[in-house]
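Worksheet for the structure shown next.
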Amino acid sequence: MSDVRHRTGWVEVITGPMFSGKSEELIRRLRRVEIARQRLQTFKPAIDDRFHATDIVSHNQQRMPGETVASSAEILARVDEATEVVGIDEGQFFDQDLVEVCNILAKQGKRVIVAGLDQDYRGRPFGPMPAMMAAAEYVTKQLAICVICGNPANHTQRLTGSRAQIQVGAQGLYEARCRCCFQAPPDESPSA
536 MSDVRHRTGW VEVITGPMFS GKSEELIRRL RRVEIARQRL QTFKPAIDDR FHATDIVSHN
596 QQRMPGETVA SSAEILARVD EATEVVGIDE GQFFDQDLVE VCNILAKQGK RVIVAGLDQD
656 YRGRPFGPMP AMMAAAEYVT KQLAICVICG NPANHTQRLT GSRAQIQVGA QGLYEARCRC
716 CFQAPPDESP SA
């Protein structure tokens with residue numbers, strides 16, 4: 536019997552509704568990577584320019600330098616061989632290939648940390664995040680506080696009438712709601 540050990544990577548997912556601290560938790564974990572002097576690269580989708588063109592920025596203005604990319608494949612192309620940890624913010628805005636890209640990076644021995652919304656404004660699974668959670672070794676589900684009743688919030692309530700699945704915004708366009716206070720848009724209901 537062979538006792539061969541190999542360096543293995545893994546995937547961590549941080550998910551939940553808007554205003555639950557996903558980017559803040561991602562930045563916290565990545566700061567610890569810096570303290571450990573591990574080689575780190577961070578990415579976010581080019582579509583998310585709310586707070587800064589390239590930096591990963593939380594709602595409470597914590598920030599970390601990052602690179603913007605247009606697709607999941609671009610992440611794979613840009614990750615240096617010597618990189619030990621890859622951070623990815625706003626995972627819901629990426630294409631479905633994000634799961635395969637993260638799996639490839641983990642098989643190369645890298646720790647991959649992805650933060651993103653698990654549900655859209657209708658309460659339905661959002662982008663690659665459900666499959667990302669299924670493929671991950673670790674999943675952290677963050678909760679916000681419902682602005683209506685103060686209970687734990689698992690939903691993101693859109694405050695505008697737009698029907699587009701992707702509408703990049705923050706306070707004023709969205710707020711956190713619990714399952715009882717969440718109101719799916721008319722003629723649409725969240726999946727069970």
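Read left to right, the sequence shown gives residues 536 to 727 (our numbering).
C-beta atoms are modelled at their ideal positions from N, C-alpha and C, and glycine is treated no differently.
Taking the C-beta atoms as reference points, residue 691 is found nearer than 7 Å to residue 656.
C-alpha of residue 718 to C-alpha of residue 555: approximately 18 Å in a straight line. Assigned with DSSP and collapsed to three states, residue 642 falls in helix. Ranked by how close their Cα comes to the Cα of residue 670, the residues 715, 642, 680 have 642 in first place. No Cβ-Cβ contact shorter than 7 Å links residue 603 with residue 591. Just so you know, the alpha carbons of residue 652 and residue 551 end up roughly 5 Å apart.
558 is the residue among 685, 615, 558, 571 whose C-alpha sits nearest the C-alpha of residue 579.
Fully contained in the stretch 648-702 are the following beta strand (DSSP E) runs of length 3 or more, in chain order: 673-676, 690-693. In the three-state DSSP reduction, residue 551 falls in the strand class (E or B).
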